[in-house]
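Numbering (this note's numbering), first residue to last: 508 to 783. Every residue, glycine too, gets a C-beta built ideally from N, C-alpha and C.
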């Protein structure tokens, strides 16, 4: 270690960088302020829901603005770190005549959190997770998770005097409950949020009576940081919470199971196989 090149505060070049005095709060506030513009907010929501790279023309058409205006706002979202940018040629086009690579936008992988005044709930979560793991309190955590999930699912339950509905109808209610908890559900790994209109169209399509709805995959893990450090504890809690959510929402034809996939949630929800 080269101690002759120490910084003015006594640190050396090999020491880790010191966090900023505001803990990154100013940058987070700047990013949130960008979303105050309704067009930018609509563009961000569209990109976030797409689950893939989105071009300027597609985004502009989706929110009903000119392409040049959409490009300006998308670049502003990228400037503050709310979306990431990549370049790719149109699908199926290669070689000298394929044209210039298109600029694509996708949700940024980073996490943004703002509270005024500042709070440190994430730090408390890390401490509590560490303590629970040391105590091997998995059963107690699972019970608490199911209870929390059940309460969260109740507002999405079908009327008490009616049946739970078809598998597809249950899937729409379940997706609404998942979205309310920040899971960002998508159907069968395809981009885009699950919407009642899409389910209704599928049910009226030719041959729909023989089709089964696809699985609900969750693009976002609300407990990402904790799950990275305490995977058995937190993923087990998450599964229990979603089991409770299914019960609370009255969607018995859907079953959650652990199925880690990429950067999304470790749980997938699948329609139960038809009874013979």
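Item, Value
"Any idea what DSSP makes of residue 750, helix, strand or coil?", "helix"
"Looking only at C-alpha atoms, which of 589, 586, 547 sits nearest to residue 569?", "547"
"Rounded to whole angstroms, what is the Cα-Cα separation between residue 764 and residue 584?", "35 Å"
"Go ahead and pull the three-state DSSP assignment for residue 612.", "strand"
"Buried or exposed: residue 618, going by 16 or more other Cβ atoms within 10 Å of its Cβ?", "exposed"
"Ignore the nearest five residues each way along the sequence and tell me which others in residue 737's own chain have a CB closer than 7 Å to its CB.", "636, 640"
"Does the beta-carbon distance from residue 536 to residue 621 come in below 7 Å?", "yes"
"Based on the DSSP output, what are the partners of residue 582 in its beta bridges?", "DSSP lists no partner for residue 582."
"In chain order, what are the residue ranges of uninterrupted alpha helix (DSSP H) at least 4 long that sit wholly in the region 667-701?", "674-687"
"Tell me whether residue 774 sits in a helix, a strand or coil according to DSSP, three-state version.", "strand"
"Compare the beta carbon distance of residue 741 and residue 748 with 7 Å and say whether it is the shorter of the two.", "no"
"Report the option in 743, 691, 674 whose CA atom is closest to the CA atom of residue 780.", "674"
"Would you mind reading off the limits of the alpha helix (DSSP H) that contains residue 545?", "545-557"
"Tell me the DSSP secondary structure of residue 563 in three-state form.", "helix"
"Looking only at its own chain, which residues have a Cβ that is under 8 Å from the Cβ of residue 815, when we skip the five neighbours before and after it?", "Missing from the structure shown is residue 815; the chain here goes from 508 to 783 and no further."
"Count the other CB atoms within 10 Å of the CB of residue 594; is the residue buried (16 or more) or exposed (fewer)?", "exposed"
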